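See below for the structure under consideration.
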Amino acid sequence: MYFKQILDERCGCASYLIASRQSHEAAIVDPSIDTDQYVPLLQERGFTLRYVIDTHVHADHISGARRLAAEHGAELCLHESAKVTYPFRGLANSEELRLGQLRLRVIHTPGHRPELISILVINPPRSPEPSMVLTGDSLLVGDVGRPDFGGGDASAQFESISRLLRLPDWVAVFPGHFEGPCGKGMCGRPSTTIGFERLYSPLLHMDRDPFVAELTNGIPARPLNMTAIEATNRGARDMPWAMLTSSPAVDEVGIEAIDSAPPNAVLLDVREPEEFARGHVPGALNLPQADLATRLDEIPKDRPILTICQSGMRSLRSAQFLRQQGIQDVATVAGGTAAWRAAGRGVEATDADSAPLRITESEWTHAGARTTNTG
Ligand SMILES: [Fe+2]
3 MYFKQILDER CGCASYLIAS RQSHEAAIVD PSIDTDQYVP LLQERGFTLR
53 YVIDTHVHAD HISGARRLAA EHGAELCLHE SAKVTYPFRG LANSEELRLG
103 QLRLRVIHTP GHRPELISIL VINPPRSPEP SMVLTGDSLL VGDVGRPDFG
153 GGDASAQFES ISRLLRLPDW VAVFPGHFEG PCGKGMCGRP STTIGFERLY
203 SPLLHMDRDP FVAELTNGIP ARPLNMTAIE ATNRGARDMP WAMLTSSPAV
253 DEVGIEAIDS APPNAVLLDV REPEEFARGH VPGALNLPQA DLATRLDEIP
303 KDRPILTICQ SGMRSLRSAQ FLRQQGIQDV ATVAGGTAAW RAAGRGVEAT
353 DADSAPLRIT ESEWTHAGAR TTNTG
């Protein structure tokens, strides 16, 4: 067999090329939008692409699956329950796809998304048992996929993970992400084993109730342009430009720049509404980063824009996206609302609740972004 993991540093995603070296048939799982990168891999080894599989409808990056399948005359595959507007081959639980001697066996593992599948790779001449499993955003390294990206369910994730943990210890685990916003505590390694995760992943030692609580409280903010990206991957919208694909230079300014900004400047707070309600710089306008692309019309293009978030990372990425869209007069507030508060400056709040915020900051949520900030 041939197996290659392809890591995308920009979004923290992993895609996979699996092929039979006997029949030269290949499958690609979770391809990135940069589909050209797979062509030399296929051509150099004389592989024919039979299947393009999306483990689920992604919400954090644009999938290249439709384009890749169309370009190569391959079958586009998703779980049979996937609610997308375009034609695809629906895969059922336990169904097997053949690549020469290899078997790709589908396991339905909902939780992150209802249609999410994991794929067992079996090479019968070597062993009747699977040697590896591609887990999409179910089991991640040191973590599991979060359940709030549309139709997800923490309890279903518990069941799915329990099911995966019944696999033998030696089975190698290849997830859909090594970092990025689909989890909150990913280790950073691109692969693991069932046995290692069973022993050392803190989530996997929890009973159902604490597991569900852990997954539904303290989640990272929804990713940049999630609304547009998820709708595009479903076929409901066509907004491939919603993915941040460049890193344009953006001025990072201190909180004092808010005071000295021209009167017509817009202070754009890209945090989630519940964070905004707990306290924001007076006069700020709330537009969560997840909705930037779909609500771009609400942003005045002819006025200076300062983006702000909790501590500076989401606002940097948002400012980069606005620059990518051709908006020139945009800067980001380094240190964000946390720096504003730390300087003893007053905030406006519409929610005085003292309970812990549901939204948390995570070290690994911001794949591809500059990492000097943590927000
Ligand atoms: Fe995902």
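The sequence shown begins at 3 in the working numbering and counts up by one.
Glycine included, C-beta positions come from ideal geometry on N, C-alpha and C.
It should be emphasised that the depicted structure is a prediction, and the values quoted were computed from it without experimental measurement.
Could you give the C-beta distance for residue i and residue j, rounded to a whole number, given that I count them as a contact under 8 Å?
i, j, result
"residue 270", "residue 231", "The pair is not a contact, with the Cβ atoms about 20 Å apart (cut-off 8 Å)."
"residue 334", "residue 258", "That belief does not hold up - the Cβ atoms of residue 334 and residue 258 are roughly 14 Å apart, past 8 Å."
"residue 111", "residue 162", "4 Å"
"residue 167", "residue 196", "7 Å"
"residue 322", "residue 246", "6 Å"
"residue 250", "residue 64", "That belief does not hold up - the Cβ atoms of residue 250 and residue 64 are roughly 19 Å apart, past 8 Å."
"residue 9", "residue 43", "Not a contact, Cβ separation roughly 14 Å."
"residue 2", "residue 208", "Outside the displayed range of the chain (3 to 377) lies residue 2, so it cannot be described from this structure."
"residue 142", "residue 188", "5 Å"
Is the CB-CB distance between residue i and residue j below 8 Å?
i, j, result
"residue 180", "residue 14", "yes"
"residue 459", "residue 362", "There is no way to answer for residue 459, as the model of the chain reaches only from 3 to 377."
"residue 280", "residue 351", "yes"
"residue 157", "residue 101", "no"
"residue 3", "residue 104", "yes"
"residue 79", "residue 109", "no"
"residue 206", "residue 252", "no"
"residue 339", "residue 283", "yes"
"residue 336", "residue 256", "yes"
"residue 237", "residue 87", "yes"
"residue 182", "residue 353", "no"
"residue 170", "residue 131", "yes"
"residue 123", "residue 235", "no"
"residue 306", "residue 263", "yes"
"residue 316", "residue 272", "yes"
"residue 138", "residue 92", "no"
"residue 274", "residue 325", "no"
"residue 37", "residue 69", "yes"
Checklist entry - For the 8 Å Cβ check, are there 3 or more pairs between the segment 110-127 and the segment 148-164? => result yes
Checklist entry - Taking one C-beta from the segment 352-359 and one from the segment 308-317 each time, how about it: are there three or more such pairs within less than 8 Å? => result no
Checklist entry - Hey, which unbroken runs of the beta strand (DSSP E) at 3 residues or more fall wholly within the segment 55-118? => result 77-81, 91-93, 98-101, 104-110
Checklist entry - Is there contact between the segment 25-36 and the segment 182-192, where contact requires at least three CB pairs shorter than 8 Å? => result Counting Cβ pairs under 8 Å, fewer than three are found: no touch.
Item to check | Contiguous alpha helix (DSSP H) assignments of at least 4 residues, all confined to the segment 129-170 | outcome: 156-166
Next on the checklist: Across the segment 67-75 and the segment 28-42, are there enough close Cβ pairs to call them in contact, namely three or more that are closer than 8 Å?
Outcome noted: Segments in contact, yes.
Checklist entry - Is the segment 86-104 touching the segment 142-151 in the sense that three or more CB pairs, one from each, lie closer than 8 Å? => result no
Item to check | Continuous beta strand (DSSP E) assignments of at least 3 residues falling wholly in the segment 19-52 | outcome: Complete beta strand (DSSP E) runs here, min 3: 27-31.
Next on the checklist: Below 8 Å, how does it come out for the segment 285-301 and the segment 222-239: are there three or more Cβ pairs, yes or no?
Outcome noted: yes
Next on the checklist: Going residue by residue through the segment 243-329, where are the continuous beta strand (DSSP E) segments of at least 3 residues, counting only ones entirely within it?
Outcome noted: 253-255, 268-271, 307-310
Item to check | Runs of beta strand (DSSP E) lying entirely within the segment 169-213, each at least 3 residues, in chain order | outcome: 174-177
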